[in-house]
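Below you'll find the structure, written out as structure tokens, and then a few comments.
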Amino acid sequence: MADASAECNIKVLCRFRPLNQSEIIRGDKFIPLFQGDDTVSIAGKSYVFDRVFPTNTTQEQVYNTCAKQIVKDVLGGYNGTIFAYGQTSSGKTHTMEGKLHDPHGMGIIPRIAEDIFNHIFAMDENLEFHIKVSYFEIYMDKIRDLLDVTKTNLAVHEDKNRVPYVKGCTERFVSSPEEVMDVIDEGKANRHVAVTNMNEHSSRSHSIFLINIKQEHVETEQKLCGKLYLVDLAGSEKVSKTGAEGAVLDEAKNINKSLSSLGNVISALAEGTKTHVPYRDSKMTRILQDSLGGNCRTTMFICCSPSSYNDQETKSTLMFGQRAKTIRNTASVNLELTAEQWKKKYEKEKEKNRMMKETVQRLESELNRWINGELCPGAVPLECLIPKEDSLGRLPREESSSSGLSRLPREDSSSSIVIRISEEERQKYEEEIRKLYKQLDDKLLVSSRGDSEKVSSELGRLQMESDIAKAEVKEVLQALEELAVNYDEKSQEVEDKSLQNKLLAEELAKKMAHLMTIEAELSRLQEVSSHQRKRIAEVLNGLMRDLSEFSAIVGNKDIKLPMEITGAIEEEFTVARLYISKIKSEVKSMVKRCRQLENLQMECHRKMEETGRELSSCQLLISQHEAKIHSLTDYMQNIELKNRQLEDNYDSLSEELAKLHAQGKFMESHRETHHKQLGRLRDDINEKQKIIDDLTESVLARELQTLHNLRKLFVQDLTTRVKRHSEMEADDSGGCSHQKQKISFLENNLDQLTKVHKQLVRDNADLRCELPKLEKRLRSTAERVRALEGALKEAKEGAMKDRRRYQQEVESIKDVMRAKNPLRRQHAAQIGNDTRRSSPDITSNNVAYGHTHTPSLDQTGLAKSALH
Ligand code: ADP
Ligand code: MG
1 MADASAECNI KVLCRFRPLN QSEIIRGDKF IPLFQGDDTV SIAGKSYVFD RVFPTNTTQE
61 QVYNTCAKQI VKDVLGGYNG TIFAYGQTSS GKTHTMEGKL HDPHGMGIIP RIAEDIFNHI
121 FAMDENLEFH IKVSYFEIYM DKIRDLLDVT KTNLAVHEDK NRVPYVKGCT ERFVSSPEEV
181 MDVIDEGKAN RHVAVTNMNE HSSRSHSIFL INIKQEHVET EQKLCGKLYL VDLAGSEKVS
241 KTGAEGAVLD EAKNINKSLS SLGNVISALA EGTKTHVPYR DSKMTRILQD SLGGNCRTTM
301 FICCSPSSYN DQETKSTLMF GQRAKTIRNT ASVNLELTAE QWKKKYEKEK EKNRMMKETV
361 QRLESELNRW INGELCPGAV PLECLIPKED SLGRLPREES SSSGLSRLPR EDSSSSIVIR
421 ISEEERQKYE EEIRKLYKQL DDKLLVSSRG DSEKVSSELG RLQMESDIAK AEVKEVLQAL
481 EELAVNYDEK SQEVEDKSLQ NKLLAEELAK KMAHLMTIEA ELSRLQEVSS HQRKRIAEVL
541 NGLMRDLSEF SAIVGNKDIK LPMEITGAIE EEFTVARLYI SKIKSEVKSM VKRCRQLENL
601 QMECHRKMEE TGRELSSCQL LISQHEAKIH SLTDYMQNIE LKNRQLEDNY DSLSEELAKL
661 HAQGKFMESH RETHHKQLGR LRDDINEKQK IIDDLTESVL ARELQTLHNL RKLFVQDLTT
721 RVKRHSEMEA DDSGGCSHQK QKISFLENNL DQLTKVHKQL VRDNADLRCE LPKLEKRLRS
781 TAERVRALEG ALKEAKEGAM KDRRRYQQEV ESIKDVMRAK NPLRRQHAAQ IGNDTRRSSP
841 DITSNNVAYG HTHTPSLDQT GLAKSALH
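Numbering (the UniProt record's numbering), first residue to last: 1 to 868.
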């Protein structure tokens with residue numbers, strides 16, 4: 001696979017940035033002193049590098065001097081790596097990227113992108129190129145794909161040539177510098193999106209831009225491939241602060257494992273004596289394994305601050321660069337052989353094999369000769385012995401791998417190593433060998449000849465075995481390689497799992513504790529529940545007993561009760577509940593009955609009280625009636641007496657009547673005369689009335705006549721007086737006027753009097769008209785009075801009748817009471833006795849009963865008083 005290889009040191013370039021604004025303002029001193037192209041001295045100590053760039057170096061100068069060559073190398077099939085190392089803000093990103101789209105300010109990466117395509121266009125047109133780019137960052141030892149933000153923890157695997165690579169990382173095919181720039185822009189944008197503080201993030205993470213170029217010659221089918229890693233490392237200050245002088249960087253490991261691992265790897269490689277280089281300590285050192293002491297042309301930019309403020313960091317950065325400078329890489333072209341080339345190689349190997357076989361044969365014949373007792377010193381050349389040793393299983397690969405040499409020349413060494421020894425040494429060795437042969441001969445001679453055959457067969461067997469072993473070793477090696485790959489994965493997995501395990505164990509412990517508490521709780525609860533169960537059973541038992549007693553009291557024998565309760569509580573409970581419900585209904589009905597009875601009793605009480613009251617009133621009445629009867633009997637006796645007297649009278653009167661009867665006829669005639677006289681008298685009255693009426697009329701007429709006459713007279717008098725007055729007027733007019741006045745006054749009076757008279761006459765006539773009407777009214781009133789008197793009489797008679805009826809009723813009630821009383825008194829006593837036993841309320845009722853029959857004395861007293 002590899003043809004041309006060349007050993008070379010890592011190129012270390014030192015670049016100082018100018019003082020920045022804040023450093024100038026702070027008044028920091030500019031400390032580096034540049035001497036020539038390759039030396040810088042700080043505080044009197046000089047550091048020599050492949051090149052030192054002072055502060056005023058342009059991006060273009062940097063690129064042309066160092067990076068341009070790398071593009072040619074990569075296109076020639078070599079691997080290449082450019083690192084930028086230095087403390088934060090020392091100019092790493094400025095050097096690697098710069099201002100991406102500024103022709104003057106752009107850094108190495110954009111210039112490489114452009115240059116690659118310029119070269120390709122100038123190359124043989126029979127060459128076909130495939131250019132892929134990847135962009136990822138390593139942060140806290142995790143590989144994050146910057147072209148696919150979902151890939152946050154990519155793994156490092158090894159390819160069939162045991163070259164590590166990032167597995168699964170996005171690869172973009174590009175065909176122009178613009179496309180490369182687009183990918184860079186995309187990656188940078190993703191990086192910005194994923195983090196909050198970009199400055200801090202970039203100072204703690206490595207960003208790696210990988211360009212993978214494959215080319216194939218269309219005609220010869222020869223293939224070349226080159227990988228170019230462009231690495232902007234994390235800020236180195238973390239490492240330097242822990243004193244990264246090749247010591248184990250424990251603390252820094254925690255901050256940035258990758259960078260401390262890089263320091264360790266470089267220290268190990270620089271010391272050169274260590275057999276183990278800790279590439280596997282971090283993902284970055286694994287990815288860049290080839291760039292550090294492997295098949296790669298590596299350039300490292302050491303970026304420094306010129307400020308006195310950062311002198312310590314600057315010094316340690318420069319020391320790091322010095323160490324890195326001693327690392328030797330063996331770069332070789334990654335050439336894939338064509339069929340023709342493979343064929344040639346095969347022929348060569350076949351020839352080698354043939355020669356070896358010949359040597360073996362020769363050796364065997366020589367051995368036979370030895371065995372046969374011949375002495376043949378120096379017959380076999382020393383060179384021929386080496387393959388024989390080789391065939392016994394000593395693998396040159398193992399030796400070289402431990403010395404840190406590249407793999408490809410190692411593979412070649414098996415066929416082309418030539419050991420050169422000085423003449424003196426040669427003679428010495430030969431002498432020794434001869435001695436050894438002699439000894440061997442002696443020994444062999446002593447041993448029997450028969451052994452020789454055995455030995456030869458043994459040798460053949462051993463040869464065969466060695467061949468088999470070789471094949472096996474090859475297989476084992478292959479398996480080992482696979483195992484190593486697996487081991488990496490598994491160890492990672494194991495780490496994760498152990499972490500998970502720990503967490504789980506913690507959780508388990510917590511859960512166990514929790515479980516214990518829960519179990520304790522459970523047992524406590526169980527205890528409590530059993531205790532409660534027992535108690536429930538007891539209570540139930542008691543309840544059942546009570547219930548059975550109760551049932552006995554109630555007198556219900558329907559329900560059978562289990563007398564002892566021990567087992568299933570639920571069943572018993574249901575039975576008890578059933579029982580209780582039955583009893584409840586029973587009790588309910590009883591209570592209802594009780595209430596009914598009580599009501600009935602109340603009613604009876606009330607009725608009895610009423611009848612008692614009635615009785616007393618009846619007794620009173622009876623006594624009254626008795627008194628009345630007494631008085632009536634007296635009265636009747638009187639009446640009888642009177643009757644007798646009246647009878648006597650009657651007799652006497654009848655006698656008289658008889659006498660009178662005789663006189664009757666006389667009386668009748670008497671009456672007739674009376675009647676006649678009466679008629680006459682009436683006629684007289686009527687006549688007299690008529691006369692009176694006439695008289696009154698005539699009186700009135702007369703009065704009127706007299707009044708009329710008087711008036712006439714008066715008028716005559718007046719006229720005479722007026723005449724006289726008028727005569728006198730001639731003499732005395734004054735006296736006359738006075739007279740006249742008087743006359744008129746009198747005339748007025750007269751008029752008024754006549755008016756009054758007429759009114760009186762009219763009133764009289766009216767009164768006379770009204771007189772019959774009034775008489776009629778008088779008569780009707782008298783009739784009404786008579787009718788009312790009749791009605792009164794009737795009412796009185798009705799009342800008398802009612803009274804009589806009432807008396808009859810009372811009599812009958814009295815009879816009934818007399819019949820009832822003795823019976824009822826017996827009853828009341830009985831109930832009273834019963835109730836007194838059952839309830840105190842009823843006893844009070846009983847007291848009320850006592851009133852009804854005990855105060856008979858009082859009642860008789862009352863009756864007596866009523867009688868009185
Ligand atoms: P780092 O990546 O090491 O943290 P940067 O590359 O971001 O540092 O540089 C920090 C600052 O210094 C940036 O503003 C950059 O432009 C400036 N700078 C770095 N190197 C140079 C230089 N050689 N010439 C001019 N400016 C520089
Ligand atoms: Mg940076």
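Note that the Cβ used here is the ideal one computed from N, Cα and C, for glycine as well.
All of these numbers come straight from a predicted model, not from anything done at the bench.
Q. So, are the CB atoms of residue 33 and residue 22 less than 8 Å apart?
A. no
Q: Closer than 8 Å by C-beta to residue 801: which residues in its own chain qualify, once you throw out the five before and the five after it? Chain order, please.
A: none
Q | Helix, strand or coil at residue 407 according to DSSP, with G and I counted as helix | A | Only weak support exists for where residue 407 lies, its pLDDT of 36 falling under 50; the value from the coordinates is given anyway. Three-state DSSP puts residue 407 in a helix.
Q.
Would residue 12 and residue 300 be called neighbours here (beta carbons separated by less than 8 Å)?
A. yes
Q.
Comparing C-alpha positions only, which one of 810, 482, 490 sits nearest to residue 620?
A. 810
Q: May I ask which residues mark the beginning and end of the alpha helix (DSSP H) holding residue 96?
A: 92-96
Q: Put residue 139 into one of helix, strand or coil per three-state DSSP.
A: strand
Q: Measure the Cβ-Cβ separation of residue 72 and residue 84 and say whether it is below 8 Å.
A: no
Q: Put residue 298 into one of helix, strand or coil per three-state DSSP.
A: strand
Q. Per DSSP, what kind of secondary structure is residue 164 in: helix, strand or coil?
A. strand
Q | Segment contact flag, the stretch 210-220 with the stretch 145-158, C-beta cutoff 8 Å, min 3 pairs | A | no
Q | Cβ pair residue 171, residue 142 closer than 8 Å | A | no
Q.
Does residue 521 come out as helix, strand or coil in the three-state DSSP assignment?
A. helix
Q) So what's residue 331 in DSSP terms, helix, strand or just coil? A) strand
Q) Are the beta-carbon atoms of residue 297 and residue 80 separated by less than 8 Å? A) yes
Q. Is residue 460 buried or exposed, if buried means 16 or more other CB atoms sit within 10 Å of its CB?
A. exposed
Q) Which one of 817, 179, 336 has the shortest CA to CA distance from residue 226? A) 336
Q) Helix, strand or coil: how does DSSP classify residue 282 here? A) coil
Q) Using the rule of at least 16 other Cβ atoms within 10 Å of the residue's Cβ for burial, across every protein chain shown, is residue 693 buried or exposed? A) exposed
Q. Hey, would you say residue 57 sits closer than 8 Å to residue 111, going by beta carbons?
A. no
(Q) Tell me whether residue 93, by its Cβ, gets closer than 7 Å to a heavy atom of ligand 2. (A) yes
(Q) How far does the alpha helix (DSSP H) with residue 289 in it extend, from its first residue to its last? (A) Per DSSP, residue 289 belongs to no alpha helix (DSSP H) and is neither H nor E.
Q.
I'd like the list of long-range same chain contacts for residue 75, defined as Cβ closer than 6 Å, with 5 residues on each side in sequence excluded.
A. 119
Q: Go ahead and label residue 135 buried or exposed: buried means 16 or more other beta carbons lie within 10 angstroms of its beta carbon, across all protein chains shown.
A: buried
Q) Should residue 137 go down as buried or exposed, given a rule of 16 or more other Cβ atoms within 10 Å for buried? A) buried
Q: Work out the CA separation of residue 269 and residue 10 for me, nearest whole Å.
A: 11 Å
**Q.** Own chain residues within Cβ distance below 8 Å of residue 870, not counting five before or after
**A.** For the chain, the structure presents residues 1 to 868; residue 870 sits outside this window and is missing.
Q: Please confirm if the stretch 170-188 is in contact with the stretch 88-102, defined as three or more CB-CB distances below 8 Å between the two stretches.
A: yes
Q: Sort 233, 597, 591, 364 by Cα distance to residue 456 and report the nearest one.
A: 364
Q) CA-CA distance, residue 140 and residue 483? A) 26 Å
Q. DSSP puts residue 208 in a beta bridge; with which residues?
A. 136, 231
(Q) Give me, in chain order, the residues of the same chain whose beta-carbon lies closer than 6 Å to that of residue 844; leave out the 5 immediate sequence neighbours on both sides. (A) For residue 844, the predicted model reports a pLDDT of 37, less than 50, meaning its position is unreliable; a value from the coordinates is still stated below. Nothing listed; no residue qualifies.
Q.
What residue range does the beta strand (DSSP E) around residue 157 cover?
A. 155-158
Q: Take residue 46 as the anchor and find which of 322, 20, 203 has the nearest alpha-carbon.
A: 322
(Q) Once the 5 residues before and after residue 203 are set aside, which same chain residues still bring their CB inside 6 Å of it? (A) 88, 235
Q: Assuming residue 318 contacts residue 302 (C-beta within less than 8 Å), just tell me the rounded distance between them.
A: 7 Å
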